[in-house]
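Numbering (the numbering used here), first residue to last: 7 to 403.
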């Protein structure tokens, strides 16, 4: 994949041969080249370059107004880019009308016809393509089985639950065998438990049918759970495009780190390379270690360290080590763990885990302790420790 001129962070091509060959996928290679779009005099998409391989599941993730839905609508043909090219399987479709693009789309609102049965709704795209009635009925029955709605073809949308309506909309999009499946925040109207269950079903179905799929969402958990890759967007640009694990553990920019999941942010000064990463001096005295993202910082450079709460361990201070010694820079750690001393300020029971808040010289550090962990006492002196590979280091914005 080629990085866009306005892409802030790094991009990656899909890894794993199954992406390009999933369910025998050979169609649906999408290429966006230099896509720009202004709405109401404001540029909302700024020079996006993006390539998707056949069968890939990509999520456009970002806050409201970041340009993700505008990008999706330019792929669908509902909006024309001001400049740039949209290609599918090597064909320029930039100015091709939406009704001539081989794409299926699922909306947040379902957009089902209330006067049609479920089967008629599902077969609507085939009807528009002049497919015969008998063939439509057969294909609709197959689609109903595919999405787990066997026996519901004669019902009307008003007789369905929210999840069943969304499955109907998904079946309608897939029955035309599109080159691309476009999902515009399809789960946002569902309750939390149903949303989780349905997104897992959609991801499994996508793997089975192998249709190249783009999901638009602001939900980080959703993006991490279903995607082959995630494009994190802000202010019309892609900040990072990579596999979920890398986006979460190696955020390329400050925005990505703080938007995707919870994170502790610690500012410091680079203090040289170490065998297990790069040293960083926090709060003037405490040396900790993290893994640089991109080019390693130079000594003395202002840096920012990111570590997720679940990566932080809260360790009791060993006997014989004084607070005075720690404030002078004597960090307590195991050979592979950096440490930052502090005082337990709060603990919160969250059911399956405990959140521990530690006041340090660098500010509050939050740790998520697994169920059954020993919970430190309020006011207790502890060390916040982490493995260097679980903390990221970038130049300070």
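Glycine included, C-beta positions come from ideal geometry on N, C-alpha and C.
Keep in mind the model is a prediction, meaning the values are calculated, not measured.
**Request:** Please name the residue in 37, 36 and 50 whose C-alpha comes closest to that of residue 243.
**Result:** As a first step, residue 243 must be located in the chain shown, where it is residue number 237. For the residues 37, 36 and 50, the minimum Cα distance to residue 243 belongs to 50.
**Item:** Closest by C-alpha distance to residue 219, when choosing among 114, 189 and 241
**Value:** Residue mapping note: residue 219 aligns to position 213 of the chain shown, counting from 1. That would be 189, whose Cα lies nearest to the Cα of residue 219.
**Message:** Quick check on the DSSP output: the alpha helix (DSSP H) that includes residue 199 runs from which residue to which?
**Reply:** The residue labelled residue 199 in the question sits at position 193 within the chain shown. 198–215 is the extent of the alpha helix (DSSP H) around residue 199.
**Asked** So who's on the other strand from residue 221, going by DSSP bridges?
**Response** What you label residue 221 is simply residue 215 of the chain shown in a count that begins at 1. In the DSSP output, where bridge partners are listed per residue, residue 221 has 65 and 189.
**Item:** Same chain, Cβ closer than 6 angstroms to residue 319, neighbours up to 5 away in sequence not counted
**Value:** The sequence position of residue 319 within the chain shown is 313, counting from 1. These residues qualify, in order along the chain: 391.
**Request:** Decide if residue 196 is buried, meaning its Cβ has at least 16 other Cβ atoms within 10 Å, or exposed.
**Result:** Position 190 of the chain shown holds residue 196. Result: buried.
**Asked** In this structure, what does DSSP give as the bridge partners for residue 292?
**Response** The sequence position of residue 292 within the chain shown is 286, counting from 1. Residue 292 pairs with 288.
**Message:** Quick check on the DSSP output: what are the complete alpha helix (DSSP H) runs of length 4 or more inside the segment 28–97, in order along the chain?
**Reply:** 74–82
**Request:** With a cut-off of 8 angstroms on the beta carbons, I'd call residue 256 and residue 247 a contact; round off their distance for me.
**Result:** In the chain shown, residue 256 corresponds to position 250, counting from 1. In the chain shown, residue 247 corresponds to position 241, counting from 1. At roughly 13 angstroms, the Cβ-Cβ gap does not stay under 8 angstroms, so residue 256 and residue 247 are not in contact.
**Limits of the unbroken beta strand (DSSP E) element including residue 315** = Looking up residue 315 in the chain shown gives position 309. Looking at the DSSP string, residue 315 is not in any beta strand (DSSP E), and its letter there is neither H nor E.
**Request:** Consult DSSP for residue 380 and reduce its assignment to one of helix, strand or coil.
**Result:** Translated into the one-based positions of the chain shown, residue 380 becomes position 374. Residue 380: coil per DSSP, three-state reduction.
**Asked** For residue 400 versus residue 377, is the C-beta distance shorter than 9 angstroms?
**Response** For the purposes of this step, residue 400 is taken as residue 394 along the chain shown, with counting starting at 1. For the purposes of this step, residue 377 is taken as residue 371 along the chain shown, with counting starting at 1. Going by C-beta atoms, residue 400 is not nearer than 9 angstroms to residue 377.
**Request:** Could you please give the first and the last residue of the uninterrupted beta strand (DSSP E) stretch that includes residue 236?
**Result:** Taking the chain shown and counting its residues from 1, one reaches residue 236 at position 230. Start and end: 235–240.
**Request:** Counting only the same chain and skipping the five closest in sequence on each side, list residues whose C-beta sits under 7 angstroms from that of residue 350.
**Result:** Within the chain shown, the letter at position 344 stands for residue 350. These residues qualify, in order along the chain: 362, 364, 382, 383, 384, 385, 386 and 388.
**Item:** Bridge partners - residue 248, DSSP secondary structure assignment
**Value:** Taking the first residue of the chain shown as position 1, residue 248 is located at position 242. Per DSSP, 236.
**Message:** On the CB-based measure, 16 or more other CB atoms within 10 Å of its CB, does residue 98 come out buried or exposed?
**Reply:** Taking the first residue of the chain shown as position 1, residue 98 is located at position 92. By the 10 Å Cβ count, residue 98 comes out exposed.
**Item:** Alpha carbon of residue 311 to alpha carbon of residue 294, nearest angstrom
**Value:** Numbered from 1 along the chain shown, position 305 holds the residue referred to as residue 311. Numbered from 1 along the chain shown, position 288 holds the residue referred to as residue 294. Taking the straight line from one Cα to the other gives about 10 angstroms.
**Prompt:** What residues in its chain sit with their C-beta under 6 angstroms from that of residue 249, if we drop five residues either side in the sequence?
**Reply:** As a position in the chain shown, residue 249 is number 243, starting the count at 1. So the qualifying residues of the chain are 235.
**Prompt:** Could you give the distance in angstroms between the alpha-carbon of residue 291 and the alpha-carbon of residue 297?
**Reply:** Counting from one through the chain shown, the residue named residue 291 turns up at place 285. Counting from one through the chain shown, the residue named residue 297 turns up at place 291. Each residue's alpha carbon lies about 19 angstroms from the other.
**Item:** The alpha helix (DSSP H) enclosing residue 124, as first and last residue numbers
**Value:** Here the question's residue 124 lines up with position 118 in the chain shown. Residues 124–128.
**Request:** Report the rounded CA-to-CA distance for residue 171 versus residue 62, giving the unit in angstroms.
**Result:** What you label residue 171 is simply residue 165 of the chain shown in a count that begins at 1. What you label residue 62 is simply residue 56 of the chain shown in a count that begins at 1. Roughly 25 angstroms separates the two Cα atoms.
**Asked** Exposed or buried, what is residue 3 when buried is set at 16 or more other beta-carbons lying within 10 Å of its beta-carbon?
**Response** With the chain running from 7 to 403 in the structure shown, residue 3 is simply not present.
**Item:** Three-state class that DSSP yields for residue 195 in the structure shown
**Value:** Position 189 of the chain shown, counting from 1, holds the residue named residue 195. The answer is coil: DSSP assigns residue 195 none of H, G, I, E or B.
**Residue interval of the alpha helix (DSSP H) (run including residue 148)** = As a working note, residue 148 is residue 142 in the chain shown. 139–152 is the extent of the alpha helix (DSSP H) around residue 148.
**residue 366, buried or exposed, once every other Cβ within 10 Å from all chains shown has been counted against 16** = The residue labelled residue 366 in the question sits at position 360 within the chain shown. Under this definition residue 366 is a buried residue.
**Asked** What are the boundary residues of the beta strand (DSSP E) that residue 100 is part of?
**Response** Residue 100 sits at position 94 when you count from the first residue of the chain shown. No beta strand (DSSP E) contains residue 100, which DSSP labels as neither H nor E.
**Prompt:** Hey, residue 186 and residue 94: beta-carbon distance below 9 angstroms or not?
**Reply:** For the purposes of this step, residue 186 is taken as residue 180 along the chain shown, with counting starting at 1. For the purposes of this step, residue 94 is taken as residue 88 along the chain shown, with counting starting at 1. In this structure, residue 94 lies closer than 9 angstroms to residue 186 by Cβ.
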